Amino acid sequence: MGKGLPNSNLRYIVNRSNTPNELAKENSFVSINETNVNITVKPSGSPHCTKVVIGLVVAGIVAVGVTVALVVVLTKKGDDGEKTTALLECVYIFQVLPSETPQTTTRPVTSTTTIPEKASTSSGLPSETPETTTVTRPVTSTTMIPEITSTTSENGEGFWSAWGDWTQCTATCNSGIHKRYRSCNGQDSTECVGDFVETEICVETVCPVCGKWTTWGSWGSCDVTCGGGTQSRTRTCSKTDSADLDCVGNNAQEKNCSEWECPDCSRECTVGVLNTDCDTCLCDGMVITGRVRAVSTGNPISNAALYASTAPTKLIAQSNSTGFFSLDAMCTSTELLIIRNGFVDITVVVSDNNIEINMTKIVLPYLTETPQAKKRLSGENVTLCCEAVASPPIDYYEWFKDDLLLDVTLYQDGNKLSLSDLTTTDSGRYQCRANSPAGAIMSPAATLRVKEESNDFCADALQQKTVALPDDCVQARTNTATYEVGECISKSCRENSTTDFGTCREDVSSCCTIGEAVLETVQCSGYELELVVIKSCSCAACSSNSLTISGTALGVEDGSPLKYGEVWVNGIFTTYTSITGDFSFVVSKTSPKVIINLKDTYFRQFLPAIKSVEVNDEMSGVLRVDIGMIQAVEPVEIDSSTENTLVAGASSDNTTTPIVQISIPANAFYYQDGTQYNGTVEASLTFLDPTNTSVLSNIPGTFEIVNEEGQTANLASLAVFNLYFEDSSGQPLILDEVVDLYLPLELGESVTDQDIKLWRMNTETGIWEYVTPGSGTRRRKRQNTALWIGEIDWSSVTDQDWYNYDYVYTLTDRPCYFKVRLFTDQQFTAQVPNPERYIEVDYHILKDSTLLTISDYLYYPENECINAVCEDDNAYISLYYYGRNGYDSLYAGPPEIGSSSHYYEIMDNDKVLKIQMSSSNNGPFYNDRTQCLASSSNNYHLKYHYGMTSEAFTYMKTFTFSPSLGIPESIRISQRTWYPDRSFEGYRVCFMKVRLLFEDGLFLSPGQYIKLKATSYGGTNDEIKDFILGIREHDVTNVTENSSICIEYKCSGTIDPMFDEQSDYTRVVLTLVYPTSEMECNVTGEADFLSSDATSLNEAQIGMTNGTYEIYAPTVYTPDIGLYSATSDMLDIDSAYTTAEGECRSGEPQNIDDDNPETGVAVTFTFKNRCLYWWLWFYNFC
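Add 2 to the 1-based position in the sequence shown for our numbering, that's all there is to it.
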């Protein structure tokens, strides 16, 4: 978050993470991939509700267009990118409805095509039914079913088929979207220009609105003082209109209270004598001593109130500042009740003259298991599970479908929701809420999809995609070096039928992959390329239920590694970092979030780092998470015997007022064992300004809290800081009194005194929690312009805790939505509808003295819109992704805004788009979410690119076998895949180091460049011999005397590990494109490839003068021959790529940090001036 905003002097920040688990946040959810929906409304027995039964009928879709295969490693969590809208009742009652058999439509090969004269109006909306003309054409040589057939592009005209029927509206009320498709009947995909899918807004009836519950009120008084009674609390159903439906659930809750026995003067004591109040047995002369400690920290607890459990209203003792207490005349068999604010009440039986009492801190509920998104066929059963822990424990669970409460009879097991004999009407978003006396937590929504047939799950997975080709492959029809090819959205699906026996998790995942495809040949300058064009998608196994998370922990200031640091995952110690700061661990996808807590317990150089990582069922392979470590500031020395004040947050020249002011009482420092410390105290107060973008991404956790209803809310942050104390030898110190915190800053009118509160980071949940003032404390008034914010009670403080000055932020009532489109190149020619890793979208809005930061995530950019706030302010929008080198920025391009008056500016090396946030019906910021979802590439939008220029062409990066594709076709694709999954070594990445030397005085004129092109051909295997497997290019625009380029090539070795395990030695051809009239290029150096040549085909090539070099790549990788390689046993190609490329740059094994252009080179090219005198070249006389 916040990685792109130029630094400023602002004080506030809000992080908004848009998640689908906010109860009743929206009345509708829409999907641009949804199937048709039939809705039947029946009268309900309730006078206030309407029972709505939704019948889903899958429509026949003409799935047309051409796309290229892409195996998506990281896809959208939970709801598969499909958000549904349905007319909802207040309480769901499941009912089976008959539904039509769905139809799956692909793009068939036909000889007759009906072409409409006019498909749509200029506005893109459907026109009146047009007249059509029938054109008869012969069947082309490109066949789809059942085989893949290679075709060659010719100059024939292709024709679009007639548009198919509109799919049914995705919404059953309010507005939704629907689609229609058409197919191209031609020799190849270039013969039809335009889109094969059209999307429009559809409007249905107005949705009914249910009321919203207010937050529960406080618990009332108990109706009795002993013997057991009840107390209650209430809430109110809030309605915006009298026509709104009643809220679901009860408006009152009751719980037991005063459950101890009433005094009984006839009671006989087994030990001691009954006191005069007849409620406690006493033992004269007996003295019981003890100490109260916190379980989590071992720190003493002060002000703990002790009672006899039979008389819980009569205080008999209280622990002192170091946790000690003394009880007079108390018998050893007495049961004590201990109460302390912030801790769970505990009862202890006195068993000795000295007792140790350990109290557990109150812990808000947090989820350990969330419902899993599942796919089912009609008639099957399903079980969804949810688990949370808290202290005190969870009381009860509630389940919701599409934000509305379900009948409790469906989840009699509490944390398990069981549905049987499913129908398509049971499809929807399910989530649970766990409730405890400490609070509540709402789970993320899990999407249940119920279809009639297995193939229906991937019927809408096909979508358009344009890929970039080498520069010399310009296509005549489009006049661009691009090709309309194929992609299947890798959303989850169902391969086979299943029987659910109450299983919470399903370990085997299936996703949509290639179903049917054609191979099309593209003509380039002197050579041909073969492309895989996908025609339809099908379901196949794709991943397991585990996920590997790996990363590196480095210092923010100097990049030094966290050596041997403790790695805690969700509150459990897991592993250590290496000497280079690397870490890796495996997690189950059952966790909604993975909270990584890194502790520098050995060297104590860095403060704890807390990183929250989203995990979902559709992730696979390895997720890389690099973490920046913040160093503690140099401590200041204070005298323990005097009252001290610490301040932080002022400017370095002290011209601005500090933000944090901490008052430390005198004579309050102790060791954990209760020994008082007198002397010099090393006080460390590290302050982080949330508006300082250099540290913003490394601030621990996210700026979120969980409110009383279990929903996520956002914080506006004023200051983040870390505070701890040590003695002169580095031993930690605690305090026996509270530390008061103030805000010595005059706030604007928009923030009242009550808004700012003190929060502490929960390292297990990654959530900020309100620090409740302890017993007997007071809220101090403003003194000397300083506002009392809160206090720190050291009884529950762990070493080096993080704190925050924040207030809870409420989003504006002017929401808007925008769509981002991604491209691989800066020319914005090759779009990326579905990135391999999810994209984080951060935008920052400057408003008065406030910086509002909102974060969201994109999984399917073409099908998603970002929630935003449009109040005509300027916003700074940045996009990030987990790339080969960790957390990388995408580059902003000029937004598509037509002639609109939106101000915009591209900043910070093209990584930040500054634009005015004004909404309209035309975009790029839409008033209506449905309008945004329905928008296409022809509408206004924002666009970013990855900055990739080296990958000119790849036949197929990775390949997952799909039974529906057929064995012969699968073998052909597998043999040509760039990264085959070789069972004995996994995925291998290879680089070659090429050195370029330039004669003195040689330079490139403006607009000139040198291109290094590495083409990987099938080499020694007859099945793929001379077949182009991929092309990598690297442009040189600045000439230096000595430079090296690390360029990737296709590794030699096994080429079809899924089938015959044949092997091949790749033929790699290096070609340098340069101004041949001005320069000459010779091979002046080469490694000893002959000694490691298993093919006997390589030859010495010193002296070659045409700027080319060719080798059959060996399977030996050492700096001696300038070849480098790395492998990954999982689908973590990015990590292997980073390692191989890094070792190539350094020329040394296990060194990925240095650049040594002269070390470990494979081939050296030397450029010379063709002119006799360089000044003749300078004046263009050559």
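The beta carbon of each residue, even a glycine, is placed where N, CA and C say it ideally should be.
Fair warning: this is a prediction, and the values are worked out from it, not measured in the lab.
From residue i to residue j, what distance separates their C-alpha atoms?
i     : j     : result
V871  : A715  : 16 Å
L450  : A436  : 20 Å
V1041 : G1003 : 10 Å
F198  : Y861  : 22 Å
T1168 : K595  : 53 Å
G925  : K181  : 20 Å
A1164 : Q633  : 42 Å
E645  : W796  : 17 Å
V1118 : A1096 : 10 Å
S614  : P835  : 26 Å
A121  : D167  : Here A121 scores only 32 on pLDDT, less than 50, and its place in the model is too uncertain to base an answer on.
R269  : A306  : 29 Å
T1166 : V1070 : 15 Å
N481  : A954  : 17 Å
A245  : K759  : 39 Å
M444  : I491  : 29 Å
I868  : S937  : 13 Å
C259  : S234  : 10 Å
D286  : M332  : 8 Å
With a Cβ-Cβ cutoff of 8 Å, do residue i and residue j count as a contact?
i     : j     : result
Y957  : L1031 : yes
P373  : Q433  : yes
E389  : E400  : no
E1035 : K1052 : no
G681  : T324  : no
F1000 : I1049 : no
G381  : L424  : yes
V558  : G630  : yes
S643  : Y679  : no
S538  : C513  : no
S921  : S298  : no
With distance defined between alpha-carbon atoms, name the residue in the options nearest to residue i.
i     : options                 : result
V991  : E1145, D910, D266       : E1145
G251  : L407, S323, V205        : L407
L1    : F459, C186, C224, E1080 : Residue 1 cannot be examined here, being either before or after the span of the chain that is shown, 3 to 1184.
P775  : I908, L743, Q1103, G630 : L743
T577  : C259, T647, T603        : T603
S730  : I640, E771, T505        : I640
L892  : D910, E898, D875, Y906  : D910
V588  : E532, F689, I598        : I598
K214  : P472, K241, Y1126       : K241
A685  : P702, Q802, L915, I661  : Q802
E661  : S538, S1046, N277, L720 : Here residue 661 turns out to be Ile, not Glu, going by the sequence shown. Residue L720 is the option with its Cα nearest to I661.
M1106 : I1123, V1085, S1098     : V1085
E486  : S938, A832, I908        : A832
C271  : E337, F161, T800, G219  : E337
F402  : T767, S1054, T411       : T411
For the beta strand (DSSP E) that residue i lies in, which residues bound it at each end?
i     : result
Q477  : Premise fails: Q477 is in no beta strand (DSSP E) and is neither H nor E.
Q255  : 254-259
Q663  : 662-666
T370  : 365-371
N1153 : Element bounds for N1153: n/a, residue is neither H nor E.
P734  : 734-737
Q466  : 464-470
F820  : 817-820
Grab the span of the alpha helix (DSSP H) containing residue i for me, first residue to last.
i     : result
I1135 : 1135-1148
C934  : 931-936
Scan the segment 684-726 and note each continuous beta strand (DSSP E) run of 3 residues or more that stays entirely inside, going in chain order. 706-708
Which full runs of the beta strand (DSSP E) of 3+ residues lie inside the segment 962-1021, going along the chain? Entirely contained in the segment 962-1021, the beta strand (DSSP E) runs reaching 3 residues are, in chain order, 989-1000, 1012-1019.
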